[in-house]
Amino acid sequence: METDLFIAGKWVPASSGNRFDVLDPATGDTVASVADGGEADAIAAVEAAAAAGPGWASTPPRVRSEVLRKAFELMTERSSELAKLISLENGKALVDAKGEVTYAAEFFRWFAEEAVRGEGAIATAPSGANRILVVRQPVGVCVLVTPWNFPAAMATRKIGPALAAGCTVILKPASDTPLTALAMAAILAEAGVPEGVVNVVPSRSSGKVVSAMLRDARVRKLSFTGSTEVGRILLAQAAENVVNTSMELGGNAPFVVFADAELDAAVDGAMIAKMRNGGEACTAANRFFVEEPVAAEFARKLAQRMSALVVGPGTDEKTQVGPLVNEDTVAKVDDLVKGALDGGAEAVTGGRRPEGPGFYYPPTVLTGVPADAPILRQEIFGPVAPIVTFTGEAEAVRLANDTEYGLVAYVYTGDLARGMRVSEAIEAGMVGINRGLVSDPAAPFGGVKQSGIGREGGHDGLLEYLESKYIAVNW
Ligand code: NAP
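Everything in the sequence shown is counted per UniProt numbering, starting at 1 for the first residue and increasing by one.
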């Protein structure tokens, strides 16, 4: 497969000639090396995107739509090989990687359908003097920065709406998982994306490369998915040129189980909310709040299911939980669990990092977690479920909101009115009621508080790449 930069429709080496290694998280071995883009390469990509901008913006929406539709079809045809590639560089189990390819391809299909719904607005001014006409125009050149945890879906969730809206893009993928991004570029080129419309610049100096692009006045939009910490830095940099931003940042999702919930359904939902992607998801349930009368039974059932999971290399068909992405991530999970155990928590299952190669951490359930434990404050990003008990609706809401994050929350209850009440009271951009999965290309995905700004997916996702232009008309 291609391992160079993709700029102006061509595969090119980094101008420095440098390359960096991509590792297999199951072994720590090198699986490929990729061109290491620098600032000059990033600016060349901006140049290409700026040059392609007017042509793409004036391409009929139907044509843009059909290119995206073709990309959807190519991804679907090649789902097995793409899933293997994701699993190889990210470590996730093949079953999760296949799920990701389907999810990722759906963004191309959804935005192929949105591309032709170019609505605007017209109204009579309140004074009656003129008409107010609103047209939507593409924002322009977009810098897209993605994380390693969903290397395909986080790219298509941005490229799909950007292309549908008539924008051109430079994708800077996470340096742990550049291969999937390059495979996406090849698919888009094959689908008929003209040169310069999509550029991909992997880099080991992400900070410098992204800053250089944000300093270039031709860049009009930054769409970032990643940690809140990096998001904050990029918001400050984007402020310099008043660049339009969409920020999908970290989460600390509460998973609330009321005593009136159907407990087995809650455990099923917990397994999805916690273990999709081995826990490496911004939507992962991070804090389990279970009402006192059912807490012990919930913990027992969850521990039973967690301990039965097959842990192994992601690329092995039998594996249900792969290794974590890298050494730093597994070390952080280990520290958070040790901190909770030292503070008095008990590991009902798991809780200890295994010896040997690879970045493995066992599925773990913790009970009796102290309220001030860092594991309840930070994103775990691993297969660990800390359980805290509560009594009554007010306490559940208070605990759920006791975080600076606000991406997603899950609520299990047999009383839909309570589910709705609690959903409205929880400070989050998304809530799943009696569901452990909310992600859907047709729905607006995003957070409040320090989980971000803006939405991806749904119709809102398209609007992030469009400017409203108001034209006052007399006629
Ligand atoms: P990260 O460290 O913030 O990195 C995200 C991206 O930013 C990567 O491409 C990274 O490149 C790049 N980057 C790092 N430092 C940068 C800097 N100073 N300037 C510009 N770019 C920089 O996050 P991650 O560890 O890859 O991903 C995990 C995080 O993403 C979690 O917090 C998770 O919650 C969040 N996430 C959020 C959503 C959502 O939709 N809300 C979805 C998925 C993940 P390098 O790889 O080269 O460092």
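From the three backbone atoms N, C-alpha and C, an ideal C-beta is built for every residue, glycine too. Predicted model only: the values in this text are computed from it and were never measured.
For residue i, the three-state DSSP class (helix, strand or coil)
i           : result
L366        : strand
M1          : coil
Y103        : helix
N18         : coil
E119        : coil
R455        : coil
A307        : One detail in the question is off: residue 307 reads as Ser in this sequence, not Ala. Reduced to three states, the DSSP call for S307 is helix.
R157        : helix
A394        : helix
V34         : strand
N149        : coil
W11         : strand
I375        : helix
F381        : coil
residue 483 : As shown, the chain starts at 1 and ends at 475. That puts residue 483 outside it, with no answer to give.
P173        : coil
L407        : coil
residue 516 : For residue 516 there is no data in the structure shown, the boundaries of the chain being 1 and 475.
E464        : coil
F255        : strand
P178        : helix
L163        : helix
Residues near residue i in its chain [Cβ-Cβ closer than 6 angstroms; skip 5 each side]
i    : result
T168 : A49, A52, G53, W56, V141 and V197
N434 : Y412
F288 : F255, A385 and I387
A42  : V201, V209, A212 and M213
V431 : A409 and S423
F258 : E291 and T413
Q320 : A93, L309 and V310
Cβ shell of residue i (< 7 angstroms), same chain only, five flanking positions each side left out
i           : result
residue 485 : An answer regarding residue 485 cannot be provided, because it is not within the stretch 1 to 475 covered by the chain.
F20         : S33, V34, D36, S175 and R204
V243        : L214, V219, R220, K221 and L222
D316        : none
E297        : L263
P293        : A259
Near the ligand SAM: residue i beta-carbon under 7 angstroms from a heavy atom
i    : result
I375 : Absence of the ligand SAM is noted for the structure shown, with the ligand NAP being the only ligands found.
Pair within 8 angstroms by beta-carbon distance, residue i and residue j
i    : j    : result
G452 : E248 : yes
A165 : L462 : yes
G436 : G269 : yes
A115 : V256 : no
P194 : G91  : no
P202 : A35  : yes
I170 : V143 : yes
P374 : A345 : no
A417 : W110 : no
L94  : G314 : yes
P363 : S307 : yes
D334 : Y361 : yes
A303 : T349 : yes
V365 : A299 : yes
A105 : T76  : yes
R455 : E467 : no
L182 : E2   : yes
A123 : R69  : no
T389 : N252 : no
R305 : D96  : no
E89  : T225 : no
L163 : R64  : yes
Rounded distance between the beta-carbons of residue j and residue i, thought under 8 angstroms
i           : j    : result
L5          : A14  : 6 angstroms
T27         : G358 : 6 angstroms
A428        : V408 : 6 angstroms
A261        : G128 : About 56 angstroms; that fails the 8 angstroms criterion.
W148        : V311 : Not a contact, Cβ separation roughly 20 angstroms.
G250        : T228 : 4 angstroms
G192        : F107 : 17 angstroms between Cβ atoms; not a contact.
residue 486 : E393 : Residue 486 falls outside the range modelled here, since the chain spans only 1 to 475, and no answer is possible.
Y103        : A40  : Contact doesn't hold; Cβ gap of about 35 angstroms is too wide.
G9          : A189 : 7 angstroms
L74         : I187 : 5 angstroms
Same chain, Cβ closer than 8 angstroms to residue i, neighbours up to 5 away in sequence not counted
i    : result
S80  : K98
E119 : R136
D264 : K301
A347 : V337, L341, T364, V365 and L366
P38  : Here residue 38 is Gly; the residue named in the question, Pro, does not match the sequence. Closer than 8 angstroms at Cβ, skipping near neighbours: A14, S15, S16, N18, S203, S205, K208 and V209.
Where are the alpha helix (DSSP H) runs, 4 residues long or more, that stay fully inside the segment 310 to 372, in chain order? 327 to 342
Where are the beta strand (DSSP E) runs, 3 residues long or more, that stay fully inside the segment 409 to 447, in chain order? 430 to 433, all fully within the segment 409 to 447.
Report the residue ranges of all beta strand (DSSP E) runs contained in full by the segment 181 to 241; include only those spanning at least 3 residues, in chain order. 198 to 200 and 219 to 225
Of all the alpha helix (DSSP H) runs that stay within the bounds of the segment 43 to 102, which reach a length of 4 or more residues? As far as the segment 43 to 102 is concerned, its whole alpha helix (DSSP H) runs of at least 4 residues are 61 to 77 and 79 to 90.
Could you tell me which whole alpha helix (DSSP H) segments of length 4 or greater appear in the segment 265 to 308? Counting only runs that start and end inside the segment 265 to 308, the alpha helix (DSSP H) elements of at least 4 residues fall at 292 to 307.
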